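Engineer:
Number of protein chains: 2
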Amino acid sequence: MAPPSAIEVSAETDTTGVTIPNPLTAPIASNNILGRRKETDRSQWGIAAASDTANFRQKSYQSKPKAKRWNYIISNEAMVRKGNSLKEAAKFLATPGLISLGGGLPSSEYFPFEELSIKVPSIGHFSEADTNVSGVTLTAGKHDLAEGKSIFDIATAFNYGQGAGSAQLLRWMTEHTELVHNPPYEDWRCTMSIGSTSALDMALRMFTRSGDIILSEEYTFSAFVETARPMGVRVCGVPIDEQGLLPVGLDNILSTWDVSTRGARRPHLLYTVPTGQNPTGATQSAERRRALYAVCQKHDVYIIEDEPYYFLQMQPYTGPNAPDVPPPASHADFLQSLVPSYLSMDVDGRVMRLDSFSKVIAPGSRIGWVTASAEVVDKYSKHADVSTQNPAGMSQLILFKLLDEHWGHAGYLDWLIYIRMQYTKRRDVILQACNKYLPREVMSWKPPMAGMFHWMQIDFKKHPDYPQKSIEAIEESIFFRNIDHGTMCMRGSWFYANAEENHDTLFFRATYAASPEDKMDEAIRRLGESVREEFGLDKYMGEIVNGH
Amino acid sequence: MAPPSAIEVSAETDTTGVTIPNPLTAPIASNNILGRRKETDRSQWGIAAASDTANFRQKSYQSKPKAKRWNYIISNEAMVRKGNSLKEAAKFLATPGLISLGGGLPSSEYFPFEELSIKVPSIGHFSEADTNVSGVTLTAGKHDLAEGKSIFDIATAFNYGQGAGSAQLLRWMTEHTELVHNPPYEDWRCTMSIGSTSALDMALRMFTRSGDIILSEEYTFSAFVETARPMGVRVCGVPIDEQGLLPVGLDNILSTWDVSTRGARRPHLLYTVPTGQNPTGATQSAERRRALYAVCQKHDVYIIEDEPYYFLQMQPYTGPNAPDVPPPASHADFLQSLVPSYLSMDVDGRVMRLDSFSKVIAPGSRIGWVTASAEVVDKYSKHADVSTQNPAGMSQLILFKLLDEHWGHAGYLDWLIYIRMQYTKRRDVILQACNKYLPREVMSWKPPMAGMFHWMQIDFKKHPDYPQKSIEAIEESIFFRNIDHGTMCMRGSWFYANAEENHDTLFFRATYAASPEDKMDEAIRRLGESVREEFGLDKYMGEIVNGH
Numbered sequence: 037m038a039p040p041s042a043i044e045v046s047a048e049t050d051t052t053g054v055t056i057p058n059p060l061t062a063p064i065a066s067n068n069i070l071g072r073r074k075e076t077d078r079s080q081w082g083i084a085a086a087s088d089t090a091n092f093r094q095k096s097y098q099s100k101p102k103a104k105r106w107n108y109i110i111s112n113e114a115m116v117r118k119g120n121s122l123k124e125a126a127k128f129l130a131t132p133g134l135i136s137l138g139g140g141l142p143s144s145e146y147f148p149f150e151e152l153s154i155k156v157p158s159i160g161h162f163s164e165a166d167t168n169v170s171g172v173t174l175t176a177g178k179h180d181l182a183e184g185k186s187i188f189d190i191a192t193a194f195n196y197g198q199g200a201g202s203a204q205l206l207r208w209m210t211e212h213t214e215l216v217h218n219p220p221y222e223d224w225r226c227t228m229s230i231g232s233t234s235a236l237d238m239a240l241r242m243f244t245r246s247g248d249i250i251l252s253e254e255y256t257f258s259a260f261v262e263t264a265r266p267m268g269v270r271v272c273g274v275p276i277d278e279q280g281l282l283p284v285g286l287d288n289i290l291s292t293w294d295v296s297t298r299g300a301r302r303p304h305l306l307y308t309v310p311t312g313q314n315p316t317g318a319t320q321s322a323e324r325r326r327a328l329y330a331v332c333q334k335h336d337v338y339i340i341e342d343e344p345y346y347f348l349q350m351q352p353y354t355g356p357n358a359p360d361v362p363p364p365a366s367h368a369d370f371l372q373s374l375v376p377s378y379l380s381m382d383v384d385g386r387v388m389r390l391d392s393f394s395k396v397i398a399p400g401s402r403i404g405w406v407t408a409s410a411e412v413v414d415k416y417s418k419h420a421d422v423s424t425q426n427p428a429g430m431s432q433l434i435l436f437k438l439l440d441e442h443w444g445h446a447g448y449l450d451w452l453i454y455i456r457m458q459y460t461k462r463r464d465v466i467l468q469a470c471n472k473y474l475p476r477e478v479m480s481w482k483p484p485m486a487g488m489f490h491w492m493q494i495d496f497k498k499h500p501d502y503p504q505k506s507i508e509a510i511e512e513s514i515f516f517r518n519i520d521h522g523t524m525c526m527r528g529s530w531f532y533a534n535a536e537e538n539h540d541t542l543f544f545r546a547t548y549a550a551s552p553e554d555k556m557d558e559a560i561r562r563l564g565e566s567v568r569e570e571f572g573l574d575k576y577m578g579e580i581v582n583g584h
Numbered sequence: 037m038a039p040p041s042a043i044e045v046s047a048e049t050d051t052t053g054v055t056i057p058n059p060l061t062a063p064i065a066s067n068n069i070l071g072r073r074k075e076t077d078r079s080q081w082g083i084a085a086a087s088d089t090a091n092f093r094q095k096s097y098q099s100k101p102k103a104k105r106w107n108y109i110i111s112n113e114a115m116v117r118k119g120n121s122l123k124e125a126a127k128f129l130a131t132p133g134l135i136s137l138g139g140g141l142p143s144s145e146y147f148p149f150e151e152l153s154i155k156v157p158s159i160g161h162f163s164e165a166d167t168n169v170s171g172v173t174l175t176a177g178k179h180d181l182a183e184g185k186s187i188f189d190i191a192t193a194f195n196y197g198q199g200a201g202s203a204q205l206l207r208w209m210t211e212h213t214e215l216v217h218n219p220p221y222e223d224w225r226c227t228m229s230i231g232s233t234s235a236l237d238m239a240l241r242m243f244t245r246s247g248d249i250i251l252s253e254e255y256t257f258s259a260f261v262e263t264a265r266p267m268g269v270r271v272c273g274v275p276i277d278e279q280g281l282l283p284v285g286l287d288n289i290l291s292t293w294d295v296s297t298r299g300a301r302r303p304h305l306l307y308t309v310p311t312g313q314n315p316t317g318a319t320q321s322a323e324r325r326r327a328l329y330a331v332c333q334k335h336d337v338y339i340i341e342d343e344p345y346y347f348l349q350m351q352p353y354t355g356p357n358a359p360d361v362p363p364p365a366s367h368a369d370f371l372q373s374l375v376p377s378y379l380s381m382d383v384d385g386r387v388m389r390l391d392s393f394s395k396v397i398a399p400g401s402r403i404g405w406v407t408a409s410a411e412v413v414d415k416y417s418k419h420a421d422v423s424t425q426n427p428a429g430m431s432q433l434i435l436f437k438l439l440d441e442h443w444g445h446a447g448y449l450d451w452l453i454y455i456r457m458q459y460t461k462r463r464d465v466i467l468q469a470c471n472k473y474l475p476r477e478v479m480s481w482k483p484p485m486a487g488m489f490h491w492m493q494i495d496f497k498k499h500p501d502y503p504q505k506s507i508e509a510i511e512e513s514i515f516f517r518n519i520d521h522g523t524m525c526m527r528g529s530w531f532y533a534n535a536e537e538n539h540d541t542l543f544f545r546a547t548y549a550a551s552p553e554d555k556m557d558e559a560i561r562r563l564g565e566s567v568r569e570e571f572g573l574d575k576y577m578g579e580i581v582n583g584h
C-alpha cells in the first residue's frame with residue numbers, strides 16, 4: 037500500500053456523512069477516493085444510464101501497460117454479440133431538453149414503494165446483539181436523487197438498468213478493487229455479475245467451445261463441472277498439495293498435451309479458487325501464485341480467478357493451547373495480511389477475477405462483480421444486456437446504502453476484520469473437535485487458512501476389507517453411517533474435476549461456517565464414531581475421569 | 037371463472053391479516069386458496085429448501101390430461117444437464133436431529149441486516165399521493181420464521197436458495213397463475229426466472245441448436261433477436277396485421293418450408309408477445325389465439341408466450357369526445373375482460389409462458405416466472421441451479437411482504453385494475469396528441485389495446501424524393517429531425533425479425549408509459565413537425581383562434 041497521508045485521513049466523511057477521524061482509514065485516504073469522487077459526471081446516476089468504470093479510478097493508471105487482446109480465444113458467440121441496440125439509443129438521452137418516447141421504461145409513479153429501510157450494524161458494533169442495541173436504520177426514498185438527498189433512490193434503482201449495473205454501486209466496487217488489488221495494467225474494468233455461478237456460466241460461453249477441456253484443481257467446485265459439462269466442456273484435474281495447484285503439475289500437463297489422446301485442443305483456460313478452495317480449503321501462497329502465473333504466461337493460458345473466500349482469510353492457527361494471534365491493528369495491516377490476488381500480479385490482463393458478496397454480506401443479494409480487461413468486460417456486459425440483465429436493483433440499493441453511504445470503504449474493511457475473527461473462532465472450534473474425536477490412526481488434515489471448509493483425508497488402505505471393498509464403497513459406507521449417526525459431511529468424490537479419471541485418495545468435506553459451535557462439536561464426535569465403526573476401531577471413550 | 041361462493045368470500049383474511057369482506061374477492065375465494073394453504077408442508081420454508089409447486093394447486097387437477105413430452109426438441113445441452121448435485125444432497129437435511137456440516141451456507145449471524153422495511157400503498161389507495169398519506173410500512177425481521185412471526189424472513193431469504201426460487205413466493209405465483217389462467221392440463225408447474233430476458237435466453241438454449249430458425253412477428257422485440265443471433269439462431273418473421281400474427285401466414289410458412297432454400301430445419305418454435313406486442317402494440321384476440329394454437333398443433337410447433345404486458349390491457353378506446361368506459365366492477369369482471377392466454381387454452385402443454393413483474397410492479401425486482409409442463413420446468417430450474425441461481429432473495433422478500441402478506445391476491449387484482457386505468461389515461465393522452473398534431477396525409481395508426489407502445493405508420497411513398505430516397509434513408513432523416521426537435525421515437529427497422537429480408541413498411545414506435553402527460557403532448561407535437569418538414573408539408577398551425 038502507498039504510505040498513509042495524514043491530511044487526507046478523514047476525507048471519507050464527505051460521502052458517508054459519518055466522521056471517521058481514525059488512522060485506520062489511512063489506506064483509503066491515500067487512495068484519494070473522495071477527491072476523485074468530486075469530479076464525477078452526474079448524468080450517470082440516471083435511470084439505466086451508461087457509465088464507465090475508468091472514471092472511478094486513479095488517473096495515474098495511464099502509465100501502466102495495456103492488457104493483451106484475447107480475440108483468438110473468445111468464442112464465436114461472444115464475438116458476434118452486439119448487445120442490446122435499444123440500450124445504445126440511450127446515448128441520445130443526454131441531449132438537453134429531449135423528451136423521450138423511446139425506451140419502454142415504466143414510470144416510477146407506478147412502483148408501489150415509497151420508502152425502503154434497512155436496520156444494519158454501526159461500524160465497530162457488528163454482532164447481532166450489538167446491532168439490536170446500536171444498529172442504525174438507513175432509508176432510501178423514492179425520489180431522493182431528484183430531491184438531492186442521495187445519488188441513488190427507488191425511482192432509479194427499481195427501474196431497468198444497464199447490464200453492467202448501476203454507476204452508484206459500480207463506483208464502490210471499482211474503488212474497492214483498486215484499494216485491495218491495484219491491478220498492474222491500464223485498461224482494467226469492473227462490471228457487475230448476478231453472482232459468481234452466473235459469471236462462470238457466462239465466462240465459459242465467452243472462452244470455450246464444445247469439445248474443449250479446461251484446467252482446474254483435481255478436486256474442484258462441483259457446480260463449475262456441472263455448468264461446463266452440458267456445454268460439451270470437460271475439466272482436466274491438475275495435481276494439488278496443501279497449497280492447492282502445483283505449478284510443476286500444471287506445466288507438465290500443458291507441456292505434454294497430446295491432442296489425439298486427449299481428444300481436445302490444448303487447454304487455454306485455468307479455473308481456480310486460489311483462497312480457501314472449495315472443497316479442499318487450500319490457499320495458494322503468494323510465491324505459489326507467482327509460479328502458477330508464470331506457467332500460464334509460458335503456455336498462454338487465461339485464468340479465471342474465482343475468489344468468494346478471499347476475505348475469509350483467517351488468523352494464523354496457533355494450535356489447541358497457544359494464545360490467539362491479535363487481530364490486525366490497522367487497515368494497512370489487514371490489507372497487508374491478505375495473500376496477493378492473481379489480479380494484483382496480472383501484468384498481461386490475463387485474469388478474470390470473480391468477486392462475490394455471498395460469503396461476506398449475504399448470498400441473497402445475488403450481486404457480485406467481474407474485474408478484467410476492458411475487452412473482456414465489454415463482452416461480458418453485452419452478454420448480460422441480453423440475458424441476465426443487471427443485478428436486482430432492490431439489492432443494489434440495499435448494498436449501496438450499507439456499503440457506500442453508511443460504512444464507506446473504511447467501515448467495510450472493519451466489517452471484514454470482524455468476519456475474519458469470527459471465522460477464525462469457528463475454524464478453531466472444528467479443529468479442536470477433530471483433535472478430540474477423530475481417529476488419528478486413519479484420519480489426517482491440515483488446518484485451513486481461509487474459506488469455509490475443512491478437508492479430512494481418510495486412509496482407506498487401512499480399512500479391514502480393503503481392497504475387496506473399493507474406495508467408493510468405503511466412502512459411501514461412511515457417508516451413510518454419518519447420516520445414521522445424525523450428521524452430514526460431503527463426499528470427496530462429489531468434487532472430482534473428472535469423475536472418469538482414477539482417484540486414489542478419499543476425503544470428506546466439513547464446513548465450519550453454518551452450525552453453532554456446540555452442534556459442530558457434536559457433529560464431529562458423530563463423524564468420529566462413524567469412521568471408527570467403519571474401520572472397526574475402538575470407540576471414543578472421552579477424557580476418562582473417575583473411571584467413566 | 038367459477039361462480040363466487042358467498043361463504044368463502046372472506047377466506048383470504050387468514051393469511052393477509054387484513055379482513056376483506058368484499059364481494060370483489062369472489063374469484064379468489066372460489067379457488068379455495070386459503071383452504072389449500074393450511075395443508076402446506078412447513079419444511080419447504082427453510083433455507084434453500086426444495087418445493088413442489090404441484091402442492092400449491094387445486095387437487096382436482098388430477099383429472100386433466102398430461103402434457104406432451106418434448107424430449108425430441110430439447111437440446112443436447114439441456115438433456116445432459118444434471119443440475120447441482122450438492123443442492124440434491126439437501127434431501128438428507130429432513131432427517132430429524134441431523135447436524136449438517138454439508139452445504140457451504142454462511143450463517144445468518146453474519147448477515148449485517150436486522151430488519152428490512154418497505155412503505156407501500158394500502159389496498160385501494162394506490163397513487164403516490166395516497167401512499168404518502170395512507171401507506172403502510174411492512175417489516176421483515178431477521179428471524180421471523182424461527183420466531184413464528186412469518187413464514188419468510190431475512191435469515192432465509194438472504195441465504196442461498198433453489199434455482200426455482202423460494203416456496204414462499206412461488207406459492208403465490210402458482211396460485212395467481214391458476215386463478216388467472218387455469219391451464220387445462222395436469223402437470224403444469226411454475227418456476228421463478230430472474231426476468232423474462234434471461235428466461236428467453238435459457239429457453240433458447242433449451243429448445244434450439246445453432247443453425248435453427250425460430251418464428252416470430254415480423255416486427256419483434258429486438259433483444260429477442262439479439263439474444264438468439266450469437267447462438268447461431270435466426271428469426272423468420274411471420275406476417276402480421278393489427279391483431280398481430282396471421283394464422284394463414286404462419287401456416288403458409290410452415291407448409292411450404294423448404295430446408296435447402298431456408299438453410300435450416302423446419303421451425304419448431306414460435307416466439308410471440310400476444311398482448312400489447314413490442315413494438316407494434318398489437319393484441320391477438322381470443323379467436324386469433326385459438327387459430328394460431330391450432331396451426332401450432334398442426335405443425336407441432338412449441339410456443340414461447342412472452343407476456344410482460346398482459347395486465348396492461350386497457351379499457352376500450354372510445355374516441356376523443358366519447359365518455360370513458362367505467363372500470364371493471366369486480367375481480368370477476370376484470371378477469372373476464374382479459375383476453376385468454378395461450379396457457380389457458382394449452383391442452384397439449386406446448387406453451388412456455390413468461391410472466392414478469394417489470395411492467396406491473398418494478399423492473400428492479402428482477403423476478404419473473406415461467407409456467408410450463410413439469411418436464412420443461414424441471415430442465416429450466418436445473419439450468420438456473422448452475423447459472424442464474426434464484427432471483428435475489430432481497431427482492432423475493434420484498435415482493436412476498438407486499439403481494440402475499442399485505443395485498444394478497446385480491447389486493448393485487450385491485451392494483452392491476454388501478455394500473456389498467458392509469459395506462460388507459462396515458463394512452464388516451466397520446467392518441468389525443470396524435471389526432472391533434474400528426475399529419476394524417478402521411479401518417480396512420482390504430483389505438484393500442486394493451487401494453488406500452490403506440491405504433492405509427494408513415495406512408496413513405498408520398499415522400500417527395502421517393503424512390504430516390506430509400507425507406508431507410510427517410511426513416512433515418514425523420515429520426516434525426518426528431519432528435520433535433522428535441523424528442524426521440526424508436527425506428528421501426530430496429531425491430532425487424534430478420535433485417536436481411538426486404539421491408540416495404542415504415543413505422544415509428546412511441547411509448548406512453550414513461551413521460552408525464554404534458555411532455556407527451558409536446559413530444560408528439562415535435563414528431564408532427566419533424567414529419568411535416570421531411571415530407572415538405574405545411575406546418576401545424578394550432579387550433580386557430582383570433583387569427584393566430
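In the order they appear, the protein sequences are chains A and B. Numbering (my numbering) for the first sequence: 37 to 584. Numbering (my numbering) for the second sequence: 37 to 584. Quick reminder that beta carbons are idealized off the backbone N, C-alpha and C, glycines included. Model, not experiment: these values are computed from the prediction.
#1: For a test of the three-state rule: what should DSSP assign to residue 333(B), helix, strand or coil?
#2: Using DSSP with H/G/I as helix, E/B as strand and the rest coil, what is residue 94(B)?
#3: Does the Cβ-Cβ distance between residue 469(A) and residue 540(A) come in under 8 angstroms?
#4: Would you mind stating whether residue 221(A) and residue 399(A) have Cβ atoms separated by less than 8 angstroms?
#5: Identify which residue in 258(B), 228(B), 369(B) and 158(B) has its Cα closest to the Cα of residue 209(B).
#6: Could you tell me which whole alpha helix (DSSP H) segments of length 4 or greater appear in the segment 236-282 of chain A?
#7: Once you ignore the five residues that flank residue 59(B) on each side, which residues in its own chain have a CB closer than 6 angstroms to its CB?
#8: Provide the residue span of the alpha helix (DSSP H) that contains residue 473(B), from first to last.
#9: State the start and end residues of the unbroken alpha helix (DSSP H) segment that holds residue 169(A).
#10: Buried or exposed for residue 488(A), please, with buried defined as at least 16 other CB atoms from any protein chain shown within 10 angstroms of its CB.
#11: What does residue 194(A) reach in chain B if we use C-beta pairs closer than 9 angstroms?
#12: For residue 425(A) and residue 117(A), I'd like the C-alpha separation in whole angstroms.
#13: Taking the beta strand (DSSP E) that residue 494(B) falls in, what are its first and last residues?
#14: Strictly by DSSP, which residues pair up with residue 381(A)?
#15: May I ask which residues mark the beginning and end of the alpha helix (DSSP H) holding residue 435(A)?
#16: Using 10 angstroms around the beta-carbon of residue 504(A), count the other beta-carbons present and answer buried if the total reaches 16, otherwise exposed.
#17: Report yes or no: do the segment 299-317 of chain A and the segment 333-351 of chain A share at least 3 C-beta pairs separated by less than 8 angstroms?
#18: Would residue 57(A) be called buried (16 or more neighbouring beta carbons within 10 Å of its own) or exposed?
#19: Under a three-way DSSP split, which group does residue 155(B) fall into?
#20: Using a Cβ cut-off of 7 angstroms, pull out every chain A residue sitting near residue 143(B), in sequence order please.
#21: Within 8 angstroms of any Cβ in chain A, is that where the Cβ of residue 117(B) sits?
#22: For residue 138(B) versus residue 332(A), is the C-beta spacing smaller than 8 angstroms?
#23: Between the beta-carbon of residue 522(A) and the beta-carbon of residue 511(A), is there less than 8 angstroms?
Structural biologist: Walking through what the data contain:
#1: For this step, residue 333(B) is matched to residue 297 along the second sequence. Here residue 333(B) sits in helix by DSSP.
#2: The count along the second sequence starts at 1 and reaches residue 94(B) at position 58. Coil, per DSSP.
#3: In the first sequence, counting from the first residue as 1, residue 469(A) sits at position 433. In the first sequence, counting from the first residue as 1, residue 540(A) sits at position 504. Their beta carbons are not under 8 angstroms apart, which means residue 469(A) does not touch residue 540(A) by this criterion.
#4: Mapped onto the first sequence, residue 221(A) falls at position 185. Mapped onto the first sequence, residue 399(A) falls at position 363. Contact: no.
#5: The residue labelled residue 209(B) in the question sits at position 173 within the second sequence. The shortest C-alpha separation from residue 209(B) is found at 228(B).
#6: The segment 236-282 of chain A contains, as complete alpha helix (DSSP H) runs of 4+ residues, the segments 258-264 (chain order).
#7: Walking along the second sequence from the start, residue 59(B) turns up at place 23. Note on residue 59(B): pLDDT 42, under 50, position unreliable in the model; the coordinate value appears next. Cβ within range, chain order: n/a, list empty.
#8: Translated into the one-based positions of the second sequence, residue 473(B) becomes position 437. 444-473 is the span of the alpha helix (DSSP H), which, as asked, contains residue 473(B).
#9: Position 133 of the first sequence, counted from the first residue, corresponds to residue 169(A). Unbroken alpha helix (DSSP H) run through residue 169(A): 164-170.
#10: As a position in the first sequence, residue 488(A) is number 452, starting the count at 1. Buried, because 16 or more other Cβ atoms sit within 10 Å of the Cβ of residue 488(A).
#11: Numbered from 1 along the first sequence, position 158 holds the residue referred to as residue 194(A). Per Cβ cutoff of 9 angstroms: 397, 398, 399, 400 and 401.
#12: Counted from its first residue, the first sequence places residue 425(A) at position 389. Counted from its first residue, the first sequence places residue 117(A) at position 81. Between residue 425(A) and residue 117(A), the C-alpha separation is close to 15 angstroms.
#13: Your numbering for residue 494(B) matches position 458 in the second sequence. Looking at the DSSP string, the run of the beta strand (DSSP E) that includes residue 494(B) is 489-494.
#14: Stepping through the first sequence from its first residue, residue 381(A) is reached at position 345. None, per the DSSP bridge assignment.
#15: Stepping through the first sequence from its first residue, residue 435(A) is reached at position 399. Looking at the DSSP string, the run of the alpha helix (DSSP H) that includes residue 435(A) is 429-435.
#16: If you number the first sequence from 1, residue 504(A) lands on position 468. It is exposed - the Cβ of residue 504(A) has fewer than 16 other Cβ atoms within 10 Å.
#17: yes
#18: Here residue 57(A) refers to the residue found at position 21 when the first sequence is read from its first residue. The predicted model places residue 57(A) with a pLDDT of 37, which falls under 50 and marks its position as unreliable; any figure quoted below should be read in that light. When all chains shown are included, residue 57(A) counts as exposed.
#19: Sequence index remark: in the second sequence, residue 155(B) carries index 119 (1-based). DSSP places residue 155(B) in strand when its eight states are reduced to three.
#20: For the purposes of this step, residue 143(B) is taken as residue 107 along the second sequence, with counting starting at 1. Correct list: 549 and 550.
#21: Counted from its first residue, the second sequence places residue 117(B) at position 81. Answer yes: the Cβ-Cβ gap between residue 117(B) and chain A drops below 8 angstroms somewhere.
#22: Within the second sequence, residue 138(B) is the residue found at index 102, counting from 1. Within the first sequence, residue 332(A) is the residue found at index 296, counting from 1. Cβ atoms of residue 138(B) and residue 332(A): not closer than 8 angstroms.
#23: On the first sequence, position 486 is the one that residue 522(A) refers to. On the first sequence, position 475 is the one that residue 511(A) refers to. No, these two residues do not count as a Cβ contact at 8 angstroms.
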